[in-house]
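In the working numbering, the protein residues as written are 14 to 406.
Think of the CB as a built atom: it goes at the ideal place given N, C-alpha and C, for glycine as much as any other residue.
For reference, the structure discussed in these notes is given below.
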Amino acid sequence: MSEPPERPIHHGFVDAGARPEFARIGLAIFLTAMTNQQAVLLAVVWQDAGFAHADIGLLIAVYGVPLVLMSLFSGEVAGRIGLLPTVRLGAALVVLGHASLFLTYESFAGSFASRLMQGIGFALFHAPIMSYGTTRITQVRFVQLFGLLSAMAPLPYAFGPILAEWLYHTFGARQFFLAGAVPGLLALPLLFTIRPGEKAEPPVGGLLGLMTSRRIVMPMLAAIVYGSTFGFISAYMAPVMLERGLTVGAFFTAFTVSIFAVRLGLLGLVENIDRRLVIAGGAASLAAGIALAAFATTMPMVVAAGLVFGLGHSIGFPVISAWVCDGTPPEQRATPLALFNATFFAAITFIALPASLAIDRFGYVPAMMAISVFGLTLSVVMTAAWSRRFRRP
């Protein structure tokens, strides 16, 4: 009597153990991001501490210096010490950087040092753990599964700002920073329950070869625009809402609900659509979401803005990530993902300083409409690039 055939592995994962590992990776990303994303309230905390707009903008933006540099070279670090050791080190620094604000938030120099530590930590954490996540999945449903994994980072926006606002206004800044470090602490043990991945290898030509490749230009342009719009929302939506007497969490909750609704359902439908067209549609949605937020004066308008902005971000971000990795074997994805993350994070953080100066001079609405133009411009550029395929030679 022949033995029954082995039960097939669920499509999309490399083996039977990869699915539970994938779930634990997602939970670790969520918890670490929960600590890191308490930054949505930093502008409010520093404003209450008496810092000037320019100082606040600098403290928000300086986080991007180590974030970008270490993101850029996180692939190299992972190649030397391994993906998981790099991830664990980064997660620990995120927790320490945030918790240290308990002591430093009233000092510009102290806050500066804490932000540098947190930036180094998240850079060493994010790109390597996303790279590790791609080793657990196959090309089948790659965009959808990678999209779900990348959704773990913004998931805390669903309730994190509401919780952060309550903690801060109820207990004060010091307790807010201590409580905010707890999720990151809970993530650390999870990072010791997953198997070591394959040793990270550089792509042919290394980082320099990748940076000078023509194929990387369009996805990097998209990363800059997506990062700039997301960075503005992350840094300034809280003070915008508070200035209008609206709940900070309404936008972020709607934004996160939109992300999960799209990534659970829509991403599977756009898996095989031209990358440029998908990103163009996402960019137009980002622009519309920011424009709606600029004029939102009621809760329904804020929720609508969050849903529209989340739609754009949720379909664009994983598609750009997949575009960067096209044709790259799993063991070589650490470097292209590091370059993508460095570009995306650079845009997120460096937009804060010019945005702060624009807000100080012109106000929130003109600054938000200017950011909205970024999305519309990218949509036009991507649509034009896509339409060239129909031109006669």
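Own chain residues within Cβ distance below 7 Å of Pro367, not counting five before or after:
The residue given as residue 367 occupies position 354 in the sequence shown. There are no such residues.
Distance between beta carbons of Leu106 and Gly134, contact taken as under 8 Å
In the sequence shown, the residue the question calls residue 134 occupies position 121. In the sequence shown, the residue the question calls residue 106 occupies position 93. Indeed, because the Cβ distance is near 3 Å, the residues count as touching under 8 Å.
Is Phe308 buried or exposed, if buried means 16 or more other CB atoms sit within 10 Å of its CB?
Numbered from its first residue, the sequence shown carries residue 308 at position 295. By the neighbour-count rule (16 or more Cβ atoms within 10 Å), Phe308 is not buried but exposed.
Quick check: Phe273 and Ala164, are their CB atoms within less than 8 Å of each other?
For this step, residue 273 is matched to residue 260 along the sequence shown. For this step, residue 164 is matched to residue 151 along the sequence shown. Going by C-beta atoms, Phe273 is nearer than 8 Å to Ala164.
So Phe56 and Ala248 are supposed to be a Cβ contact under 8 Å. How far apart are they, rounded?
Taking the sequence shown and counting its residues from 1, one reaches residue 56 at position 43. Taking the sequence shown and counting its residues from 1, one reaches residue 248 at position 235. It is worth fixing the name first, because residue 56 is Ala in this sequence and not Phe. Going by Cβ atoms, the distance from Ala56 to Ala248 rounds to 6 Å, so yes, they are a contact pair.
Own chain, CB closer than 6 Å to Gly295, minus 5 neighbours either side, in chain order
Start at 1 with the first residue of the sequence shown, and residue 295 comes out as number 282. Hits under 6 Å: Gly325, Ile328, Gly329.
With burial defined as no fewer than 16 other Cβ atoms inside 10 Å of the residue's Cβ, what is the status of Val332: buried or exposed?
Here residue 332 is taken as the residue at index 319 of the sequence shown, counted from 1. Looking at its Cβ environment, which holds 16 or more other Cβ atoms inside 10 Å, Val332 is buried.
With a threshold of 6 Å on Cβ separation, who are the neighbours of Pro169 within its own chain once the five nearest residues in sequence on each side are excluded?
By 1-based counting over the sequence shown, the position of residue 169 is 156. These residues qualify, in order along the chain: Ala46, Met47, Gln50.
Determine which residues share a DSSP beta bridge with Phe26 and list them.
Taking the first residue of the sequence shown as position 1, residue 26 is located at position 13. Paired residue(s): Ile150.
When you compare the stretch 299-306 with the stretch 374-391, are there three or more beta-carbon pairs, one atom per stretch, that lie closer than 8 Å?
yes
Quick one: grab the DSSP three-state call for Arg374.
Taking the sequence shown and counting its residues from 1, one reaches residue 374 at position 361. Helix at Arg374.
State the DSSP-derived secondary structure class of Ala65, mapped to helix, strand or coil.
As a first step, residue 65 is located in the sequence shown; it is residue number 52 there, counting from the start. Three-state result, Ala65: coil.
Enumerate, from N- to C-terminal direction, the unbroken alpha helix (DSSP H) stretches of 4 or more residues contained entirely within the stretch 103-180.
114-117, 121-147, 155-164
Cβ neighbours of Leu199 in the same chain (closer than 8 Å, five flanking residues each side left out):
Here residue 199 corresponds to residue number 186 of the sequence shown, with the count starting at 1. Once the five neighbours on either side are set aside, the close Cβ partners of Leu199 are Leu44.
Counting pairs of Cβ atoms below 8 Å between the stretch 24-37 and the stretch 135-151, do you hit three or more?
yes
Report all residues from its chain with a CB closer than 7 Å to the CB of Gly244; omit the five preceding and five following residues, and keep chain order.
Here residue 244 is taken as the residue at index 231 of the sequence shown, counted from 1. Closer than 7 Å at Cβ, skipping near neighbours: Ala360, Ile361, Thr362, Ile364, Ala365.
Helix, strand or coil: which one does DSSP assign to Thr396?
Position 383 of the sequence shown, counted from the start, is the residue given in the question as residue 396. Residue state, collapsed to three classes: helix.
In the DSSP assignment, find the alpha helix (DSSP H) that holds Val332 and state where it starts and stops.
Position 319 of the sequence shown holds residue 332. Looking at the DSSP string, the run of the alpha helix (DSSP H) that includes Val332 is 312-338.
On the criterion of 16 or more Cβ atoms from any shown chain inside 10 Å, does Ser127 qualify as buried, or is it exposed?
Taking the first residue of the sequence shown as position 1, residue 127 is located at position 114. Buried.
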